[in-house]
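Q: Count the sequence shown with my numbering and you get residues 2 to 164, in order.
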Amino acid sequence: MHRPALIALVALALTGCGQGQGEDASAPAAPVRPAPSAAEKAALLATLPAPFSAADLDNGRRAFARCRSCHTITEGGPNMTGPNLYGVFGRQAGVHPGFNYSAAMQEADFVWDAGRLDDWLENPRTFLKGTKMSFAGIPDATDRRDVIAFLKIETGYTPPPQP
2 MHRPALIALV
12 ALALTGCGQG
22 QGEDASAPAA
32 PVRPAPSAAE
42 KAALLATLPA
52 PFSAADLDNG
62 RRAFARCRSC
72 HTITEGGPNM
82 TGPNLYGVFG
92 RQAGVHPGFN
102 YSAAMQEADF
112 VWDAGRLDDW
122 LENPRTFLKG
132 TKMSFAGIPD
142 ATDRRDVIAF
152 LKIETGYTPP
162 PQP
C-alpha cells in the first residue's frame with residue numbers, strides 16, 4: 002500500500018474512534034460557522050465603536066496568546082482552566098455552561114461588554130474580588146483595546162442592527 006493511502010486509511014479509522022463517548026452519537030452536531038475571511042474581519046472591525054474600530058487585530062491575536070493557555074475562543078470549543086469565550090459579548094457573567102465558576106463570578110451581576118472586559122483585563126483580581134482567575138492582567142491600554150477587538154471578531158460578535 003502506498004504511504005499516502007495508508008495515512009488516509011489510518012486517519013479515517015481514527016476519525017470514528019471518539020464517536021459515542023460522552024455524547025449521543027445519533028444527535029446532529031451543532032452547526033459551526035466558518036471562520037470569517039480577512040475581508041469579513043475588516044468589515045466587522047469597521048462596525049465596532051471607537052476606540053475598537055481602530056484596533057490592530059494582529060496585535061490583539063498576539064496579546065491574546067497570554068490567554069490561550071486557559072481559554073478557547075472557537076464555537077463549541079472546550080472549557081479549560083477558564084471558560085470558552087465564544088459568544089462572551091452580551092452574555093451574563095458567570096453562566097457559561099459546564100464551567101465551574103467561583104462564587105464571586107456566579108454572584109456577579111453584569112453582562113460582558115467591551116467596557117467590562119477592558120476593566121477586567123486591566124486587573125482581574127481587583128475588578129472582582131474572590132475570582133479564581135490568577136492572571137495578572139494586561140496593563141497596556143492599547144493591548145487591551147486590540148484584544149477586545151480581536152475577541153469581538155473571533156467569538157461570534159454581531160453588531161446591533163442599524164436603524
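Glycine included, every Cβ here is placed at the ideal spot set by N, Cα and C.
What residue from L122, P162, Q163 has the CA that sits closest to F65's CA?
A: Answer by Cα proximity: L122.
Q: Which first and last residues belong to the alpha helix (DSSP H) in which N60 is found?
A: Counting along the chain, the alpha helix (DSSP H) containing N60 begins and ends at 58-65.
Q: From which residue to which residue does the alpha helix (DSSP H) around Q107 run?
A: Taken as a continuous stretch (DSSP letters only), the alpha helix (DSSP H) holding Q107 covers 104-107.
Q: With C-beta atoms as the reference, is A56 less than 8 Å away from A115?
A: Cβ distance not < 8 Å, so A56 and A115 don't count as in contact.
Q: Return helix, strand or coil for S148, following the three-state DSSP convention.
A: Per the sequence shown, the amino acid found at residue 148 is Val instead of Ser. In the structure shown, V148 sits in a helix (DSSP, three-state: H, G or I).
Q: Starting from Q93, follow its DSSP beta bridges and name the residues at the other end.
A: For Q93, which the question treats as bridged, DSSP gives the partners V112.
Q: Going by other Cβ atoms of all chains shown within 10 Å of its Cβ, with 16 needed for buried, is G61 buried or exposed?
A: Buried, because 16 or more other Cβ atoms sit within 10 Å of the Cβ of G61.
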